[in-house]
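First comes the structure, then the notes that go with it.
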Amino acid sequence: MFAFDQVIAARLLTSLTLGFHIIFATMGVGIPLCISLAEFVGLWKKDVHYLLLARRWARGYVITVAVGVVTGTCIALQLVFLWPGFMQLAGKVIGLPLFLETFAFFFEAIFLGMYLYTWDRFQNPWLHWVLSVPIIIGAVGSACFITSVNAFMNTPQGFRLENGVITAIDPWQAMFNPAAPSKVAHVLSSAFLTVSFVLAAIAAYHLYRKKQHEYYQKALGFTMLLSLVFSVLNTVMGDWSGKFLAESQPEKLAAGEWHFHTGARAKLIVGGILHEDTLETEYALGIPLLLSILAKGTPDAKVIGLDQFPRELWPPLYVHYFFDLMVGLGAYLFVVSFLFVGLSFLQKRGKLTRFSRYNRPVLAAIMAGGPFAVLATECGWIFAEVGRQPWILRGVLRTGEAVTPAAYLPEMLVLFVLLYVFLAVLVTSVLVRLFRKTPPEVELEARKIIL
Amino acid sequence: MELHKIGIAIAWIFLYGYLIVASIDFGAGFFSFYGKLTKRDHIINAIIDRYLSPVWEVTNVFLIFFVYAVIGFFPDVAYMYGVALLVPGSVALLLIAIRGSFYAFANYGARKNTVYLFVYGVTGLFIPASLATLLTISEGGFISVDGQRVELLLHQLVRSPYAWVVVLLAIVSVLFISASFLTYYADRANDTEAREVLRRFALYNSLPTIFVSFLAFFTIRTHNPEHFERMLSMSWMFMASLACFLLALALIIQRKWYGTAFLFVMLQFAFAFFGYGRSHLPYLLYPYLTVESGVTSDAMGVALIAAFVGGILLLIPSLFLLMRLFVFSATYVQGRK
Ligand code: HDD
Ligand code: HEM
Ligand code: HEM
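Chains S and L, in that order, are what the protein sequence lines are.
Mapping of the first sequence onto this note's numbering: position 275 corresponds to residue 275, and the numbering continues sequentially without gaps.
Mapping of the second sequence onto this note's numbering: position 61 corresponds to residue 61, and the numbering continues sequentially without gaps.
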């Protein structure tokens, strides 16, 4: 048996819970917007298909929220149990957004309850739509606050540390730390992108199964359009995040890009294998000048490399793969949604009609895009979190110093692995059964909608 | 008022909020299961489901609220409790997680499933028991602190009569609060049959609640005499609690004004809970941590209070709307909409 030390167990458990939570958190941030937009279109165009879409998404949403709340409660308490030293310090400096986050949850929870149980209760259906707005505000708000905490871990400020004593605390400065704007923007845009692609993948799946109902076609057209918009937006935000790193957290970017030597006209390295002792790369695709352009906007700009940092402060170099995968998947999502939206645009104008946009390869590509988007989110977080190592609070507190000294950590890890396996099985089976039991065709009939 | 007093008051208000809403939820879970066992589920479960469906998520938020309020105002608590509670805390978390996930399950009609009802009912009793143990631990004697080394003395905990009395108290209180609320709710719904069953549940749990409260009072005397002295010095709060209990009981027995009766139950617990909390001061963890020594900086305190005021101004109208739509809307409660 290898030595299973405390820090590894704590990190594994943290990443497991967060990695699991983030799937549902992402859904929780993005789905309300999609529901609200669909209901809006439905009311606007008086189109029952969109209204049914909103209803069915909302029903699925309840289930993802339940798991989001459960895993969120886990992570909130686990941060206290596993990283008590960090939470003690964090509580002193960054407690404000954590506290605010709960208000956002509360706000969202209250209106979600109202929204779900009042579909047919108002004379004026627009009143029901109005209830979706506070849900979006709550969901986006909680994402902003928690991401600001995470940004603080990357660029801590708003306090001074003198001989281990924290003074001059300014919670507002800590909350509005330099990493927050780009990070919040990218987290939000990626959540919207992920959700619209997952919803598109579901519609594509039904069309793939030869269910040619108009309902699915509208669902696919709508979600693909959203995906295209968000994938453009997300690429811009991702680029902003990269530029931010180049400026304020250069070691993370350098580790992600395997950029070892500070210099101008830097080459972008894609993929490849690294020999850690010689720092030579093999089989990598090198694109001249691109790193300088991405990091600073001009090919002549100097990009800081890892040579500026002592080796023991380098982040693990495997984050390179996670970065590349995230960007690669982002490109895939863009291409697929662009293709589909472009095709629909042309076909509505009577061009290219021989080639159905609902043909099987296109649908299959969209279906793959759903899981790919979730994968991209996971890769993004792993890059962002592992890329901060060895720090838990960059420049202030090392991860190893913040871990709990308590016993029985590995046992707790096993316990929670079992819990997440159980939750994963439960959620999938519940969602599948829920939607199998009442297919949209049946619901449309029941609502006396003429097909 | 000083910062540490405001801070602990805010945290305690959240915990009280959790106590009430979560008790209703936990007790409802147990009654659902018990109703199934005694074949009365067709009478009471419709009422329980109708109330719980729209508000369950709000319940959980109260707990998170409390945790973040404590960490925000008293960050040092995070360290001591964080280290000491890894194992029991994780177990409680597991129970909460399992219970929460079953709401997803319930959503497609699994409420009739016996295994589901069993888990739902049993966690409804275990969770309050384990959370109440947290208060027991805060009385001191169960945590050893040696510099940075903090350890929970589990053997002492399971052998302490005080700890068991508190667990018992938590369980009967949950059942009493829940039953008296649901009686009121069933009454609003004009569901006489359900109301009678639930009213009987409330009565069964009423005297045990008071009896165990007295027990707790006397066991704390041996466990933490200092705390007991402080409790005596504010004994009027506990008297007021008893008076509210008697009023509530009288109303329920006479089948009158169930809403007012429930209000008195809330007051009963408010007096007892805030009396307990006040007499617990100045300690957050006896004898290591006090509110004065553990309180956060002024700058953070002011920011948190500002956030709290802003948040409350936002939440009160929203909660009011929620209540109007579901709890106090006769058409909704009666199931016509
Ligand atoms: C659908 C998901 C998704 C996609 C397609 C992309 N990203 Fe991303 N990325 C995220 C989802 C994400 C994320 C999950 O939202 C992260 C993790 C932490 C964070 O702040 O956002 C992230 C982090 C992240 C970071 C690190 C930020 C930090 O640590 O402060 C950078 C530099 C980029 N991204 C850049 C990009 C670029 C240039 C993309 C080009 C297409 C891209 N991302 C696509
Ligand atoms: C940037 C990443 C994160 C995002 C976008 C996010 C967002 C969300 C969302 C949307 C929910 C569902 C709650 C609801 O719909 O009401 C949720 C639940 C929750 N999250 Fe996360 N979260 C993130 C990371 C975290 C982290 C790191 C923590 C711990 C500090 C956390 C704590 C919680 C808690 C406590 C809940 C449950 C709230 C409740 O009881 O209602 N989240 N989160
Ligand atoms: C919600 C999205 C997030 C995800 C998916 C995520 C993911 C991860 C991962 C994969 C690790 C492990 C890093 C490693 O083992 O090298 C980690 C570490 C950690 N993260 Fe995040 N993280 C998220 C947001 C946050 C936020 C908002 C906070 C703060 C409130 C946070 C606090 C931590 C802590 C304390 C650790 C452990 C210490 C460390 O390894 O640095 N994370 N997270």
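Quick reminder that beta carbons are idealized off the backbone N, C-alpha and C, glycines included.
It should be emphasised that the depicted structure is a prediction, and the values quoted were computed from it without experimental measurement.
*In the structure shown, what three-state DSSP assignment does S/A266 receive?*
Taking the first sequence and counting its residues from 1, the one referred to as residue 266 of chain S is at position 266. DSSP, reduced to helix, strand and coil, places S/A266 outside both helices and strands of the structure shown, so it counts as coil.
_So, for S/V7: in the same chain, excluding its five sequence neighbours on each side, which residues have a beta-carbon less than 7 Å away from its beta-carbon?_
On the first sequence, position 7 is the one that residue 7 of chain S refers to. Non-local C-beta neighbours of S/V7 in its own chain, meaning closer than 7 Å and more than five positions away in sequence, comprise T399, G400, V403, ordered along the chain.
*List in chain order: all unbroken beta strand (DSSP E) runs of 3+ residues lying wholly within the stretch 279-308 of chain L.*
You should have 283-285.
*Per DSSP, which residues does S/L397 bridge with? Please list them.*
Position 397 of the first sequence holds residue 397 of chain S. Its beta-bridge partners are S/L393.
*asked:* Assuming L/R199 is part of the alpha helix (DSSP H), what are its boundary residues?
replied: Taking the second sequence and counting its residues from 1, the one referred to as residue 199 of chain L is at position 199. Where L/R199 is concerned, the enclosing alpha helix (DSSP H) stretches over 192-223.
_Can you give me the C-alpha to C-alpha distance between S/F99 and S/L363, rounded to a whole angstrom?_
Within the first sequence, residue 99 of chain S is the residue found at index 99, counting from 1. Within the first sequence, residue 363 of chain S is the residue found at index 363, counting from 1. Our two residues, S/F99 and S/L363, have alpha carbons roughly 44 Å apart in a direct line.
*Does the beta-carbon distance from S/A109 to L/V61 come in below 8 Å?*
In the first sequence, the residue the question calls residue 109 of chain S occupies position 109. In the second sequence, the residue the question calls residue 61 of chain L occupies position 61. Taking 8 Å as the Cβ cut-off, S/A109 and L/V61 qualify as a contacting pair.
*What residue ranges within the stretch 128-156 of chain L form continuous beta strand (DSSP E) runs of no fewer than 3 residues, ordered along the chain?*
Within the stretch 128-156 of chain L, the complete beta strand (DSSP E) segments at least 3 residues long are 143-146, 149-152, listed from N- to C-terminus.
*Could you tell me if the beta carbon of S/G350 falls within a distance shorter than 7 Å of some heavy atom in ligand 4?*
No copy of ligand 4 occurs in the structure displayed; its ligands are ligand 1, ligand 2 and ligand 3 alone.
*Say whether chain L places a C-beta atom closer than 8 Å to the C-beta of S/P390.*
Residue mapping note: residue 390 of chain S aligns to position 390 of the first sequence, counting from 1. No, no contact with chain L.
*Using a C-beta to C-beta distance shorter than 9 Å, which residues of chain S count as neighbours of L/S318?*
Counting from 1 along the second sequence, the entry for residue 318 of chain L is found at position 318. In chain order: F106, F107, I110, F111, M114, P134.
*Short-range partners of chain S found in the stretch 73-91 of chain L, where Cβ spacing is below 9 Å*: Answer set for the stretch 73-91 of chain L: F73, F74, P75, D76, V77, A78, Y79, M80, Y81, G82, V83, A84, L85, L86, V87, G89, S90, V91.
*asked:* Please classify S/I450 as buried or exposed, where buried requires at least 16 neighbouring CB atoms within 10 angstroms.
replied: For the purposes of this step, residue 450 of chain S is taken as residue 450 along the first sequence, with counting starting at 1. A caution first: S/I450 carries a pLDDT of 40, below 50, which makes its placement in the model unreliable, though a value can still be read off. Classification of S/I450: exposed, given that the 10 Å Cβ count is below 16.
_Chain-order list of residues whose beta-carbon lies under 6 Å from that of S/F2 (same chain, five-residue window excluded)_ = The sequence position of residue 2 of chain S within the first sequence is 2, counting from 1. Only weak support is given to the placement of S/F2: the predicted model assigns it a pLDDT of 42, under 50, and the value that follows is read from those uncertain coordinates. In its own chain, leaving out the 5 sequence neighbours on each side, no residue places its CB closer than 6 Å to the CB of S/F2.
*Would you tell me roughly how many angstroms separate the C-alpha atoms of S/S344 and S/S356, rounded to the nearest one?*
Indexing the first sequence from 1 puts residue 344 of chain S at position 344. Indexing the first sequence from 1 puts residue 356 of chain S at position 356. Roughly 9 Å between the two C-alpha positions.
_Considering only DSSP beta bridges, list what S/L274 is partnered with._
Position 274 of the first sequence holds residue 274 of chain S. Secondary-structure assignment with DSSP links S/L274 through a beta bridge to S/T281.
*Using the rule of at least 16 other Cβ atoms within 10 Å of the residue's Cβ for burial, across every protein chain shown, is S/I273 buried or exposed?*
Counted from its first residue, the first sequence places residue 273 of chain S at position 273. By the 16-neighbour rule on beta-carbons within 10 angstroms, S/I273 is exposed.
*From the beta carbon of S/F145, is the nearest beta carbon of chain L less than 8 Å away?*
If you number the first sequence from 1, residue 145 of chain S lands on position 145. So, not an interface residue.
*Please name the residue in L/L247, L/L15, L/G141 whose C-alpha comes closest to that of L/T222.*
Taking the first residue of the second sequence as position 1, residue 222 of chain L is located at position 222. Per the Cα distances, L/G141.
*Separation of S/V80 from S/M87, as counted between CA atoms*: As a working note, residue 87 of chain S is residue 87 in the first sequence. As a working note, residue 80 of chain S is residue 80 in the first sequence. Annotation: S/M87 to S/V80 spans about 6 Å, alpha carbon to alpha carbon.
*Start and end of the alpha helix (DSSP H) containing S/I202?*
Here the question's residue 202 of chain S lines up with position 202 in the first sequence. 180-208 is the extent of the alpha helix (DSSP H) around S/I202.
_From S/A179, S/F338, S/I293, S/F20, residue whose alpha carbon lies closest to that of S/A424_ = Taking the first sequence and counting its residues from 1, one reaches residue 424 of chain S at position 424. Cα-wise, what sits closest to S/A424 is S/F20.
*With distances taken between CB atoms, is the gap from L/A84 to L/I143 smaller than 8 Å?*
Against the second sequence, residue 84 of chain L aligns to sequence position 84. Against the second sequence, residue 143 of chain L aligns to sequence position 143. Their beta carbons are under 8 Å apart, which means L/A84 touches L/I143 by this criterion.
*Answer with buried or exposed for S/E162, where buried requires no fewer than 16 other C-beta atoms within 10 angstroms of its C-beta.*
Sequence index remark: in the first sequence, residue 162 of chain S carries index 162 (1-based). Answer is exposed; the Cβ neighbour count stays below 16.
*Return helix, strand or coil for S/I31, following the three-state DSSP convention.*
In the first sequence, residue 31 of chain S corresponds to position 31, counting from 1. If DSSP states are grouped into helix, strand and coil, S/I31 belongs with the helices.
*Same chain, Cβ closer than 7 Å to L/H227, five either side skipped, listed in chain order*: Translated into positions along the second sequence, residue 227 of chain L becomes position 227. Taking L/H227 as the centre and dropping the five residues before and after it, the same chain places the C-beta of E139, I220, S279, H280 closer than 7 Å to its C-beta, in chain order.
_alpha helix (DSSP H) segments (min. 4 residues) lying fully within the stretch 226-285 of chain L_ = Note on the stretch 226-285 of chain L: whole alpha helix (DSSP H) runs with a minimum of 4 residues are 235-253, 258-280, in chain order.
_Extent of the continuous alpha helix (DSSP H) to which L/L10 belongs_ = Locating residue 10 of chain L in the second sequence gives position 10, counting from the first residue. The amino acid occupying residue 10 of chain L in the given sequence is Ile; Leu does not appear at that position. Run containing L/I10: 3-37, per the alpha helix (DSSP H) assignment.
*Output, in sequence order along the chain, the residues in the stretch 288-319 of chain L whose CB is closer than 7 Å to any CB in chain S.*
When C-beta distances to chain S are compared with 7 Å, the residues of the stretch 288-319 of chain L below that value are T296, S297, A299, M300, A303, L304, A307, G311, L314, L315, S318, L319, in chain order.
*Measure from the C-beta of L/V67 to each C-beta in chain S and report whether the shortest distance is under 8 Å.*
Your numbering for residue 67 of chain L matches position 67 in the second sequence. It does; some Cβ of chain S falls within 8 Å.
*Leaving aside the five residues before and after S/P125 along the sequence, list all residues of the same chain whose C-beta is less than 7 Å from its C-beta, in chain order.*
For the purposes of this step, residue 125 of chain S is identified with residue 125 of the first sequence, where counting begins at 1. Only L43 meet the Cβ criterion.
*Just the Cα atoms here: how many angstroms apart are S/L306 and S/Y117?*
Walking along the first sequence from the start, residue 306 of chain S turns up at place 306. Walking along the first sequence from the start, residue 117 of chain S turns up at place 117. Going by the C-alpha atoms only, they are around 55 Å apart.
*Helix, strand or coil for S/K302, going by three-state DSSP, please let me know.*
As a working note, residue 302 of chain S is residue 302 in the first sequence. Strand at S/K302.
*asked:* Among S/Y408, S/L352, S/A54, whose alpha-carbon lies nearest the alpha-carbon of S/W129?
replied: Taking the first residue of the first sequence as position 1, residue 129 of chain S is located at position 129. It is S/A54.
*Whole alpha helix (DSSP H) elements within the stretch 43-96 of chain L, 4-residue minimum*: Entirely contained in the stretch 43-96 of chain L, the alpha helix (DSSP H) runs reaching 4 residues are, in chain order, 75-84.
*Closer than 8 Å by beta-carbon distance: list the chain L residues that pair up with S/M412, in chain order.*
Along the first sequence, read from residue 1 onward, the residue named residue 412 of chain S stands at position 412. Per Cβ cutoff of 8 Å: L86, V87, S90.
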